[in-house]
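Following: one structure in structure tokens, then a few remarks.
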Amino acid sequence: MSAAFHAGDDLATARLSHLTYWYPAGPEPALKDVNLAIGDGITLVAGPSGGGKSTLLRVMNGLVPHFHGGRIAGSADVDGVNIIDTPTRHLARTVGFVFQDPELQAVYDTVEREVAFGLENTGVATAEMPARVDDALCEAGAQHLAGRRMRTLSGGERQRVALASVLAMKPGLVVLDEPTSQLDPDGASLLLSAATRVAESGRAVVISEHRLEALKQVADRVVLVEGGTTRSFAPGVWRPSSDPLTVGRSSTAGAVAWSLTNVTAGFAGRGILNAVDLAGRSGEVVALSGPNGGGKTTLLRTIAGSLAPLAGKVERRPGRIAYLPQNPSALLHRPTVRSEVELTLDRAGEAESPQVILGSLGLIAVAERYPRDLASGERQRAALAAVLAGRPDLVLLDEPTRGMDFAARAALIKLVAGLRDAGSAVVLATHDVALQEALADRVVQVCEGRVSELVAART
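For the sequence shown, counting from 1, position 71 maps to 70 in the working numbering; every step adds exactly one.
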């Protein structure tokens with residue numbers, strides 16, 4: 000496999016030449032004079048949140064500029080087709096795109112219909128569809144999800160279905176935006192294997208990620224995107240930040256803040272959690288680990304009170320609950336990031352300035368921006384600021400480091416540690432081992448609806 004990065008290379012599947020792009024309200028360009036050509040093999044796109052990675056990827060399927068608007072200069076083409084002049088519906092035949100938010104990508108209610116959606120829209124013969132769908136599910140490591148309804152899937156399971164939907168189309172260029180952000184280690188390995196097989200078949204694969212170590216082993220080239228500019232490296236030359244994420248502790252755990260006693264929970268009578276006995280204390284961080292679909296999100300929602308148990312008893316001490324769902328966009332509806340934080344503080348009756356949490360999460364520069372226009376990592380931090388402002392008594396975070404770069408993860412760890420030391424009870428559902436090691440007093444495995452303790456509480 001090889002990846003080409005010279006603008007004149009005739010073998011390039013996608014080529015950007017002197018490309019500069021401004022979002023409609025952006026005073027500065029999101030991409031600046033980008034010259035990049037991508038051939039077959041795997042290209043890993045890395046860089047800080049808000050640096051331009053997602054914008055670069057969205058040029059490749061025409062969402063920039065056709066959907067987002069704004070101004071664009073220079074040229075861009077994929078498979079010989081001018082991206083700037085070609086509608087996105089035509090580009091979809093050549094470019095398969097898996098977005099950062101699989102929750103927003105689904106159209107149909109069942110897995111097979113969802114994977115077949117693109118085939119239906121491009122006129123693939125009906126008799127050919129079942130085999131294409133089965134092959135794509137297998138290639139994405141999602142064959143066990145056949146027959147499931149989309150609303151019953153975890154975020155990681157939805158990501159695999161989204162990948163299968165793309166692979167069913169057999170595009171010449173496959174673009175994956177943060178594809179492993181919600182996947183357990185097995186799921187991430189399956190996705191990496193699928194991407195490798197696609198590349199080995201002679202197609203180009205572009206992957207934007209913050210979880211880099213495994214991808215570096217199979218990438219043909221790394222493109223670093225910072226401040227809207229790009230630089231290319233050989234995988235063995237470029238080194239991401241690998242400093243340990245650590246934080247001190249200034250308090251000990253207090254009284255029981257929440258508990259589940261013999262709880263069964265699920266949807267429409269279908270138990271996902273079975274006979275769970277679990278409790279957490281104020282000033283304690285409990286991390287939930289385990290495979291996608293094992294029940295972590297269901298457990299968080301049950302603790303929060305947004306999902307009533309089918310059986311058993313749930314108890315919580317009085318106080319404010321801060322809950323971050325897997326899809327942070329579901330929380331963000333105000334005109335600016337600052338107003339999201341102000342709303343939380345006003346409702347909680349707290350006098351804290353919005354600047355406190357905006358500063359701690361590195362959001363001052365985007366405080367007056369519309370939250371849904373932000374890059375994924377910035378949007379994740381905006382949602383965290385909106386729920387964690389002030390002093391919540393119970394903090395429930397579902398994959399909180401999704402889409403975050405190293406600096407943002409370090410800021411989150413410091414913030415959560417501060418809440419813990421102030422007496423908040425914290426529960427994290429995460430595949431981020433570094434986050435667990437930095438914060439968790441206890442790690443609880445959630446698998447096939449049952450929970451088991453993995454690490455004893457710190458003393």
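Even for Gly, the Cβ is constructed at its ideal location relative to N, Cα and C.
Taking the alpha carbon of residue i as the reference point, which residue from the options has its own alpha carbon closest?
| i | options | result |
| --- | --- | --- |
| A252 | A278, Q216 and T151 | A278 |
| V246 | S288, G311, L434 and A198 | L434 |
| K31 | Y22, D39, H17 and G25 | H17 |
| G38 | A105, R92 and L172 | L172 |
| A309 | T195, R269, D134 and V365 | A small correction: the amino acid at residue 309 is Leu; Ala does not occupy that position in the sequence shown. Nearest of T195, R269, D134 and V365 to L309, Cα basis: R269. |
| V106 | T297, A36 and N120 | N120 |
| E283 | L438, G376 and V236 | L438 |
| R346 | L323, I363 and R319 | R319 |
| K169 | A321, L90 and L418 | L90 |
| L223 | V33, G73 and L144 | V33 |
| S207 | V80, P178 and S192 | P178 |
| L387 | E225, V442 and L411 | L411 |
| P399 | D420, G376, G389 and D392 | G376 |
| V426 | F98, E436 and V394 | V394 |
| S338 | S352, Q325 and N326 | S352 |
| G292 | G265, T54 and S305 | G265 |
| A139 | S249, V110, R150 and V123 | V110 |
| D404 | D76, L166 and Q379 | Q379 |
| G68 | D420, T54 and G79 | T54 |
With DSSP as the reference, identify every bridge partner of residue i, one or two as the case may be.
| i | result |
| --- | --- |
| Q181 | Its beta-bridge partners do not exist; DSSP assigns none. |
| R157 | For R157, which the question treats as bridged, DSSP gives no partner whatsoever. |
| S451 | Q444 |
| T484 | Coverage of the chain is limited to positions 0 through 458, which leaves residue 484 absent and any answer about it impossible. |
| A264 | L272 |
| K312 | T260 |
| I320 | L393 |
| I37 | A13 |
| N81 | D76 |
| L172 | V94 and A203 |
| A145 | Answer is none; A145 lacks a bridge partner. |
| R280 | V255 |
| S288 | Q444 |
| T297 | Bridge partners of T297: none, in fact. |
| V44 | S207 and V222 |
| L306 | None; L306 has no bridge partner. |
| L190 | In DSSP, L190 forms no bridge with anything. |
In whole angstroms, what is the alpha-carbon distance linking residue i and residue j?
| i | j | result |
| --- | --- | --- |
| H209 | A198 | 20 angstroms |
| S288 | K295 | 7 angstroms |
| G448 | V275 | 8 angstroms |
| V450 | L152 | 19 angstroms |
| A141 | L190 | 10 angstroms |
| S281 | V58 | 47 angstroms |
| G235 | H65 | 36 angstroms |
| H5 | A233 | Bear in mind that a pLDDT of 42 at H5, under 50, signals an unreliable position, so the number given afterwards is only what the model happens to contain. The alpha-carbon atoms of H5 and A233 are separated by roughly 14 angstroms. |
| I302 | K312 | 10 angstroms |
| A135 | S164 | 7 angstroms |
| R316 | V217 | 49 angstroms |
| P28 | P334 | 22 angstroms |
| C446 | V262 | 15 angstroms |
| T19 | A72 | 5 angstroms |
| L331 | A126 | 43 angstroms |
| W257 | N326 | 24 angstroms |
| P370 | W21 | 18 angstroms |
| G95 | I41 | 14 angstroms |
| A3 | A424 | A caution first: A3 carries a pLDDT of 39, below 50, which makes its placement in the model unreliable, though a value can still be read off. Approximately 50 angstroms, taken between the alpha carbons. |
| L272 | P290 | 14 angstroms |
| A161 | L396 | 23 angstroms |
| A13 | G79 | 8 angstroms |
Taking 9 angstroms as the CB-CB limit, is residue i close to chain D?
| i | result |
| --- | --- |
| G282 | Checking the listed chains, one finds no chain D in this structure; it contains a single protein chain. |
Point to revise | Start-end ranges of the beta strand (DSSP E) lying completely within the segment 94-132, minimum 3 residues | key: 94-97, all fully within the segment 94-132.
Exercise for review: Let me know the alpha helix (DSSP H) ranges lying completely inside the segment 405-448, each 4 residues or longer, listed in chain order.
Suggested key: If we require 4 residues or more, the alpha helix (DSSP H) runs fully inside the segment 405-448 come out as 405-420 and 432-438.
Review point. Does the pairing of the segment 44-51 with the segment 210-230 give three or more beta-carbon distances under 8 angstroms?
Key: Verdict: yes, contact present.
Exercise for review: Would you list, in sequence order, the uninterrupted alpha helix (DSSP H) runs of no fewer than 4 residues that lie entirely inside the segment 200-251?
Suggested key: Counting only runs that start and end inside the segment 200-251, the alpha helix (DSSP H) elements of at least 4 residues fall at 212-215.
Practice item. Report the residue ranges of all alpha helix (DSSP H) runs contained in full by the segment 322-404; include only those spanning at least 4 residues, in chain order. Key: Fully enclosed alpha helix (DSSP H) runs of 4 or longer: 336-347, 353-359 and 375-387.
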